[in-house]
Amino acid sequence: MSSSRDGFSSAFGVLAATLGSAVGLGNIWKFPYLTGSNGGAGFLLIYLLATLLVGLPVMIAEISIGRAARGDAVSAFERLRPGRGWGTIGVLGLLAALLIMAFYSEVAGWVFAYVAKAAAGDLLSSDPKLLSAAFSTLVADPASALMWQWIVLALVGGILSFGVSRGIEAVTKRLMPILFLLLVLICIRGLTLPGASAGLAFLFSPDFSKITPSVVLVAVGLAFFKLSIGMGTMVTYGSYFRAEQNIPMTAKRVMLADLTVSMLAGIAIFPAVFAFGFKPEAGPSLVFITIPAVFAGMPGGAFFMVAFFVLTAFAALGAMLSIVEVPVAVIAERFRIKRWKAALISVGVIGAVGSVAALSGSLTADWKLFGLNPFDLFDYVSSNILLPVGGILIALFVGASWGRAAWLRELSNDGALSNQALAGVLFVLVRWVSPLLIAVVMLKGLGVF
Ligand code: PHE
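The opening position of the sequence shown corresponds to residue 1 in the working numbering, with each subsequent residue numbered one higher.
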């Protein structure tokens, strides 16, 4: 609440940073590969429903908690309702941040490596065998896996040391528009490939035979991951929001823009998957093997391929800054130490745990739990368990503890906005619909009943 607290400096800055958190590898890497491995349009439909019914209300809840309390992911809950243990939500969030960063920094590392490969002209081919081999070689080499991950982490730690408005805001607001334009260009290219229509059919005509309870859980997990909710990122960013920012409107815009980027990524990738004979269910390698093929036969392809991976790297950076900001804010504010030290500690811990994930293609490939290697395990547990559980708790916090009146006051900026009706509907979603829906999907998806 002190006026010296750092924060986002303009309405556009708030939107850009929040969008910078949401848009990332989730759109370009995770959304296409999950849609591909879970049958296409049916999965997409459930993901859209989850985003609207659960994602948006929880996102608004999180941002408003942060702004009302002006505190980090643990303190915010304690400040609004002291002494009832709600800070536990933030502690779970710290764990989620660690597990997500452990694999996310590795995928970002692959993107960085692909910038280098693309610049060297190594990827100009549309041969599925060759492109799959290039990816496998990278993942299977322990030294380069670790090296790229640590380069990524050093960058993230460095930028975060500069603070909220100078570091995060400055980087994200310049790059989002360019990424968007480039994706549109790739879509046009993808749609003009011979055989593109099979890709569109896959993406847009639902086949519900592939939808099982565990697939529904994955779609809900993706909705959380995409909107950066369920772990306190949006609480933390909300604490930097300006007092006059319209929270529901900002969240709605971020959600729509984020969905647009995912759809563009889908339209860029699936026509090419079918045109060149890749397999939609290739898994985490999907984007890395398909995108080079899209560029290979295109005029200026070499240049655009480098640009694509550079911009994806920046999108990943914007998202990672928001993930690591969660522990940095907690450590810096609660232990009253300098931001750069908090950033160093966070990045160090993430690096240690993350190395285990980075080596999942080589040295730790056989370290399996529930049949999953460390990379897949961290991804599964964070997206499909920790984030949804965080979402339930955040919804319960607003619905049952902080309460309707206080929440509506926060959403209306103390009465300055007349959004009572909308806020009332949101309250019903947060109080009843979201927690129940998430709980049922989780229990069914995990096979509890
Ligand atoms: N939303 C980000 C993405 O899609 C990932 C993320 C998850 C960021 C959780 C913050 C918190 O890439």
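Glycine residues also receive a C-beta, built at the ideal position from the N, C-alpha and C atoms.
What you are looking at is a predicted structure, and each value in this text was computed from that prediction instead of being measured.
Presumed contact (8 Å Cβ cut-off) between residue i and residue j, rounded CB distance
| i | j | result |
| --- | --- | --- |
| C187 | L264 | 6 Å |
| D207 | G40 | 7 Å |
| L34 | L386 | Not really, about 17 Å apart at Cβ, beyond 8 Å. |
| A120 | V152 | Actually they are not in contact, since the Cβ atoms of A120 and V152 sit about 19 Å apart, beyond 8 Å. |
| V430 | P57 | 5 Å |
| N508 | E244 | Since the first residue shown for the chain is 1 and the last is 449, residue 508 is missing from the structure and cannot be characterised. |
| L203 | L44 | 7 Å |
| G351 | W150 | 6 Å |
| A118 | L183 | Incorrect: roughly 16 Å between the Cβ atoms, too far for contact. |
| S21 | S322 | 3 Å |
| G93 | M231 | 4 Å |
| A73 | V235 | 5 Å |
| A313 | V115 | 6 Å |
| S75 | R336 | The pair is not a contact, with the Cβ atoms about 12 Å apart (cut-off 8 Å). |
| A140 | D122 | Wrong, their Cβ atoms sit about 16 Å apart, outside the cutoff. |
| S64 | I247 | 5 Å |
| V330 | G7 | Not a contact, Cβ separation roughly 17 Å. |
Nearest to residue i (by Cα), restricted to the options the options
| i | options | result |
| --- | --- | --- |
| L99 | V356, V111, P142 | V356 |
| A196 | F276, V218, I247 | F276 |
| F103 | F370, L25, F335, I394 | L25 |
| A343 | W29, S161, S125 | S161 |
| V261 | P280, F241, L286, L181 | L181 |
| W148 | F309, G403, A358, G300 | A358 |
| D379 | L15, A97, E281, G238 | A97 |
| A319 | A11, D6, A16, F8 | A16 |
| V433 | F31, G36, W367, L49 | L49 |
| K129 | A293, P271, G424, L179 | A293 |
| V326 | V273, D376, V347 | V347 |
| G456 | S214, F31, L124 | A question about residue 456 goes unanswered here, because the residues of the chain that appear run from 1 up to 449. |
| G83 | W407, A116, V184, W402 | W402 |
| G300 | N246, L372, L185, V235 | L185 |
| P177 | F308, W407, G399 | F308 |
| S126 | A313, I229, M298, L175 | M298 |
| V398 | A421, A116, I60, D376 | I60 |
| Y47 | L217, A302, A313, A406 | L217 |
| S205 | G158, G42, G163 | G42 |
| R253 | A302, P280, S9, L19 | L19 |
| K30 | I394, A421, D376 | D376 |
| W110 | I28, L175, I159 | I28 |
| K279 | V324, G36, E78 | G36 |
| P142 | Y237, L363, P32, T233 | L363 |
| V324 | D6, R5, G163 | G163 |
| V349 | G87, S9, F77, G157 | G157 |
Cβ-based neighbour list, residue i, same chain, cut-off 7 Å, excluding 5 preceding and 5 following
| i | result |
| --- | --- |
| I438 | V54, V220, P388, G391, I392 |
| P271 | G190, L191, L193, A196, G199, L200 |
| V381 | L99 |
| T250 | V14, L15, T18 |
| L80 | I65, A68, A69, W402 |
Residues near residue i in its chain [Cβ-Cβ closer than 8 Å; skip 5 each side]
| i | result |
| --- | --- |
| T51 | A223, K226, L227, M255, L259 |
| S144 | A113, L138 |
| F449 | L443 |
| M1 | Any reading at M1 must be qualified, since the residue scores a pLDDT of 39, below 50, and its modelled position is unreliable; the value itself is stated next. Excluding residues within five positions, the ones whose Cβ falls inside 8 Å are R70. |
| L436 | none |
| G354 | M101, A102, F103, S105, E106, Q149, L153 |
| L124 | P292, F295, A296, G301, A302, M305 |
| Q420 | L408, S412 |
| S3 | A caution first: S3 carries a pLDDT of 44, below 50, which makes its placement in the model too unreliable to give a value. |
Cβ shell of residue i (< 6 Å), same chain only, five flanking positions each side left out
| i | result |
| --- | --- |
| F304 | F295 |
| S132 | I289 |
| A11 | none |
| F241 | V14, R67 |
| R404 | F427 |
| I486 | Only positions 1 to 449 of the chain appear in this structure, which leaves residue 486 out of reach. |
| S315 | Going by the sequence as given, residue 315 is Ala instead of Ser. Excluding residues within five positions, the ones whose Cβ falls inside 6 Å are V23, G24, L179. |
| A487 | This structure cannot speak to residue 487, because the chain is shown only from 1 to 449. |
| S285 | F135 |
| A365 | N373 |
| V328 | L160, A342, A343, S346 |
| E281 | G36, S37 |
Residue-chain proximity (residue i, chain D), Cβ-Cβ < 7 Å
| i | result |
| --- | --- |
| L396 | Given the protein chain composition of this structure (a single chain), no chain D is represented. |
Exercise for the section: Ignoring anything shorter than 4 residues or poking outside the region 266-322, list the alpha helix (DSSP H) runs there in chain order. Expected result: As far as the region 266-322 is concerned, its whole alpha helix (DSSP H) runs of at least 4 residues are 286-296.
Exercise for the section: Let me know the alpha helix (DSSP H) ranges lying completely inside the region 6-34, each 4 residues or longer, listed in chain order. Expected result: Listed in chain order, they are 11-22.
Problem - Sequence-ordered residues whose beta carbon comes within less than 6 Å of a heavy atom of the ligand PHE - result: Going along the chain, the residues that qualify are S21, A22, G24, L25, G26, N27, I100, F225, K226, S228, M231, T233, A319, S322, I323.
Practice task
Within the region 149-217, note down every full alpha helix (DSSP H) run reaching 4 residues or more, in order along the chain.
Solution key: Along the length of the region 149-217, whole alpha helix (DSSP H) runs at least 4 residues long occupy 170-191, 196-204, reported in chain order.
Problem - Residue ranges of each alpha helix (DSSP H) within the region 89-133, 4 or longer - result: The alpha helix (DSSP H) runs of length 4 or more contained entirely in the region 89-133 do not exist; there are none.
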